[in-house]
Amino acid sequence: NAGVTQTPKFQVLKTGQSMTLQCAQDMNHNSMYWYRQDPGMGLRLIYYSASEGTTDKGEVPNGYNVSRLNKREFSLRLESAAPSQTSVYFCASSEVGGPNIQYFGAGTRLSVL
Amino acid sequence: AQTVTQSQPEMSVQEAETVTLSCTYDTSENNYYLFWYKQPPSRQMILVIRQEAYKQQNATENRFSVNFQKAAKSFSLKISDSQLGDTAMYFCAFMRGYSGNTPLVFGKGTRLSVIA
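Chains as they are written, first to last, in the numbering used here: chain A, 143 to 255; chain B, 250 to 365.
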């Protein structure tokens, strides 16, 4: 019963490096989301995909790109990492017309030096 | 735009006592959901309770209950018979609409410590 799986769990990058955070869900959910969590800030939306084939910006999209590869997978890419992107990243998914609950992955702790 | 405010950054409670966490929100929407999520030190986000805006009855889940005051835009969480395992960050969150495909807007969280 995997739910939402994020990889990797931890990552250290140098400024300017690129990387992709992977997210996959096995609940056949239509909608997927990327949030970041910073101390004292709660969770803030980066991008989301309301359905396969669509993506929309959230509150803090600068420096990120996303790809909804298929219904299961939604990746987040940092093209040129900056120290300000040091954060914990969460992926979540939800079902359209369902109980309106978002299910979260375990998070990825990213440090940019 | 919606905003969610949690005015208590930190709280503590004795084991077996009752504690109430506050949350207020601002929206012009009439259709929405409200949630409380728990984040223990493991970092996992765990749904505690949810409330549909159209329901007047307050939601309850075992030791957890809410006081939903729609006119006042208030959504507090009451934890009864607090247990050490309740120690965590608690986030209040707002979801616009009833379709299930809109993002959550979170408050900044309240860190709750349960003391033995």
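No residue lacks a Cβ here, since even glycine has one placed at the ideal position from N, Cα and C. Bear in mind the structure is a predicted one, so any value in this text is a computation, not a measurement.
Residues of its chain near residue i, where Cβ-Cβ distance is below 8 Å and the 5 sequence neighbours each way are ignored
| i | result |
| --- | --- |
| Thr351 (chain B) | Met344, Arg345 |
| Tyr282 (chain B) | Arg299, Gln300, Glu301, Ala302, Phe343, Met344, Tyr347 |
Per DSSP, the bridge partner or partners of residue i
| i | result |
| --- | --- |
| Ala381 (chain B) | Within the shown structure, residues of chain B are numbered from 250 to 365, placing residue 381 (chain B) beyond reach of any answer. |
| Ser253 (chain A) | A:Val154 |
| Gln300 (chain B) | B:Leu283 |
| Lys322 (chain B) | Paired residues: none, contrary to the question. |
| His230 (chain A) | Note on residue identity: the sequence assigns Val, not His, to residue 230 (chain A). Val230 (chain A) pairs with A:Gln179, A:Arg251. |
| Asp198 (chain A) | A:Tyr190 |
| Ser261 (chain B) | B:Ser362 |
| Glu215 (chain A) | A:Ala166 |
Contacts around residue i, its chain only, beta-carbon distance under 7 Å, and the 5 residues preceding and following it disregarded
| i | result |
| --- | --- |
| Ala265 (chain B) | Asp330, Ser331 |
| Gln153 (chain A) | Met161, Thr250, Leu252 |
| Val146 (chain A) | Cys165, Gln167, Cys233, Ala234, Ser235, Tyr245, Phe246, Gly247 |
| Ala144 (chain A) | Asp168 |
| Ser229 (chain A) | Arg178, Gln179, Asp180, Leu252 |
| Gln159 (chain A) | Ala223 |
| Gly205 (chain A) | Leu220, Ala224, Gln227 |
Same chain only: Cβ atoms within 6 Å of residue i, ignoring 5 sequence neighbours per side
| i | result |
| --- | --- |
| Gln263 (chain B) | Ile364 |
| Leu163 (chain A) | Leu218, Tyr231, Thr250 |
| Val251 (chain B) | Before going on, a small fix: residue 251 (chain B) reads as Gln here, not Val. Contacts found: Thr276, Phe343, Val354. |
| Phe317 (chain B) | Gln300, Asn307, Phe324 |
For residue i, the three-state DSSP class (helix, strand or coil)
| i | result |
| --- | --- |
| Ser314 (chain B) | strand |
| Gln255 (chain B) | coil |
| Gln306 (chain B) | coil |
Open item on the list: With a threshold of 8 Å, are at least 3 pairs of Cβ atoms found where one atom belongs to the region 330-340 of chain B and the other to the region 353-365 of chain B?
Closed with: Because the criterion of three Cβ pairs below 8 Å is met, the region 330-340 of chain B and the region 353-365 of chain B touch.
TODO: Identify every run of the alpha helix (DSSP H) within the region 157-190 of chain A, keeping only runs that are complete inside it and at least 4 residues long; order them along the chain.
DONE: For the region 157-190 of chain A, not a single whole alpha helix (DSSP H) run of length 4 or above is found.
Open item on the list: Quick test of the definition: if touching needs 3 or more C-beta pairs under 8 Å, does the region 321-329 of chain B touch the region 219-234 of chain A?
Closed with: Output reads no: the region 219-234 of chain A does not touch the region 321-329 of chain B.
- [ ] With a floor of 3 residues, list each beta strand (DSSP E) that falls wholly inside the region 265-289 of chain B, ordered by position along the chain.
- [x] 268-270, 273-275, 281-288
TODO: Flag this pair as touching only if the region 177-195 of chain A and the region 205-214 of chain A have three or more C-beta atom pairs under 8 Å; answer yes or no.
DONE: Yes: at least three Cβ pairs fall under 8 Å.
Open item on the list: Against chain C, which members of the region 214-242 of chain A pass a CB distance test of less than 8 Å?
Closed with: The chain inventory of the structure shown lacks chain C, comprising the protein chains A and B.
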